[in-house]
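Its first residue numbered 1, the sequence shown is counted upward by one per residue in the working numbering. Glycine is no exception: its CB is placed at the ideal position from the N, C-alpha and C atoms.
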Amino acid sequence: MALETFRASVRSAGEGLLCKANVRGFEVSMDEPKELGGGNRAMNPVELLLSALGGCITICAVAFAPACGVKLEDFRVDLEGDLDPDGFTGKRRDVRTGFQHIRFKMNIKSSSPEENVRNLVDMIKSRCPVSDTLRGVRVDGDFTVTR
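Structure below.
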């Protein structure tokens, strides 16, 4: 299959740090919390990045479940990432400006066999494009199964 190019356009909304991204006619706003100089009117870009990772994991789970013989009754992924704002604000130049560690936990509700669920989790971890893009950051994933 040929390489596919994805595009996004982001522009300042002219109101402090607020900006708007446009992709295929869809719009997403971004801002910073007040303590980082924003107006707290939308998610900030790193929160959106965590959300993008969570969305990709969720889409992979739903898309790959049938091939793994898993019937999903419910799926949720909770994510968190560690970032030192001193890098972004310029207070410290020796600090990485981006995430230093991202963790997620997949909460899977399914009555399917444990082996099938584990195969699904392995497939998600190995084939999620956003997770692969973040390989420069340690990305750890975990899961729970509720029956």
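{"Asked": "Chain-order list of residues whose beta-carbon lies under 7 Å from that of GLY87 (same chain, five-residue window excluded)", "Found": "VAL95, ARG96 and THR97"}
{"Asked": "Nearest-angstrom Cβ-Cβ length linking LYS109 and THR146, presumed shorter than 8 Å", "Found": "4 Å"}
{"Asked": "Distance between CYS60 and ARG124 (C-alpha atoms, nearest Å)", "Found": "It is worth fixing the name first, because residue 124 is Ile in this sequence and not Arg. Each residue's Cα considered, the two are about 6 Å apart."}
{"Asked": "Residues of its chain near CYS56, where Cβ-Cβ distance is below 8 Å and the 5 sequence neighbours each way are ignored", "Found": "CYS128, PRO129, VAL130 and SER131"}
{"Asked": "Local conformation of ARG135 per DSSP, three classes", "Found": "coil"}
{"Asked": "Nonlocal neighbours in the same chain, by C-beta distance under 6 Å from LEU72, ignoring five residues either side", "Found": "ALA65 and SER110"}
{"Asked": "Proximity winner among ALA52, ALA8 and CYS68, relative to PHE26 (alpha-carbon distances)", "Found": "ALA8"}
{"Asked": "Cβ-Cβ separation, VAL23 to VAL70 (assumed contact under 8 Å), whole Å", "Found": "That belief does not hold up - the Cβ atoms of VAL70 and VAL23 are roughly 30 Å apart, past 8 Å."}
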